[in-house]
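Read the structure below first, then the notes.
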Amino acid sequence: EVHNTHGERHGYVVEINEEGVGRADKTFYVSPFFGVFGDYQLKFLREDDRVGAFVTLKQDERVVFTASFTGRAVPVTARRILAVGLTQPLMPQRVAALIRLHGIWLWVRRLPVVSRQPHTEQKGSR
């Protein structure tokens, strides 16, 4: 599921093969710096206690954006959830602020801005 800063969300249903690879057409406005076209190439991995998620956006056969997350898999327990809540209470707000600051930085560098078209909400998404 993908969210944008306009409070909208979109669910991508993606078939992932045995190697953890899949793809999806980009159909949702996420950033003012990328149009709503192209395709996402996705890769997920899980090896022993390591996990990873990798996203590549291709537009016009060019890679225009990549994002990744890697980490260590740990069991979810009430104690761990409490610890994260106590040690990182404002993490969602921090991430949201950093996304907006990065957008301002790209705008200052005069990256072209793509207008946002109205999004049609998916059935069952609310």
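Take my numbering: the final residue in the sequence shown is number 145, and no numbers are missing along the way.
All C-beta atoms in this analysis are idealised placements derived from N, C-alpha and C, irrespective of residue type, glycine included.
Just so you know, these numbers come straight off a predicted model, no measurement behind them.
Pull up the DSSP beta-bridge partners for residue i, would you.
| i | result |
| --- | --- |
| Q78 | R81 |
| L61 | G41 and V74 |
| G26 | Looking at the DSSP assignment, G26 forms no beta bridge with any residue, so it has no partner. |
Just to confirm, is the Cβ distance from residue i to residue j under 8 Å?
| i | j | result |
| --- | --- | --- |
| A92 | R69 | yes |
| F47 | V132 | no |
Compute the Euclidean distance between the alpha carbons of residue i and residue j, then round it to the nearest angstrom.
| i | j | result |
| --- | --- | --- |
| T96 | L105 | 14 Å |
| R135 | H25 | 10 Å |
| L109 | A116 | 11 Å |
| I100 | V114 | 18 Å |
| P137 | N36 | 33 Å |
| V49 | P111 | 17 Å |
| V55 | V103 | 35 Å |
| T75 | Q141 | 23 Å |
Compare the Cα-Cα distances from residue i to each of the options and report the closest residue.
| i | options | result |
| --- | --- | --- |
| G90 | P51, G71 and N36 | G71 |
| Y31 | R119, F84, G41 and H25 | G41 |
| R65 | F56, L76 and F88 | F88 |
| R81 | A102, Y59, P94 and G39 | Y59 |
Contiguous alpha helix (DSSP H) assignments of at least 4 residues, all confined to the segment 96-124: Counting only runs of 4+ residues, the alpha helix (DSSP H) found wholly inside the segment 96-124 occupies 97-106, in chain order.
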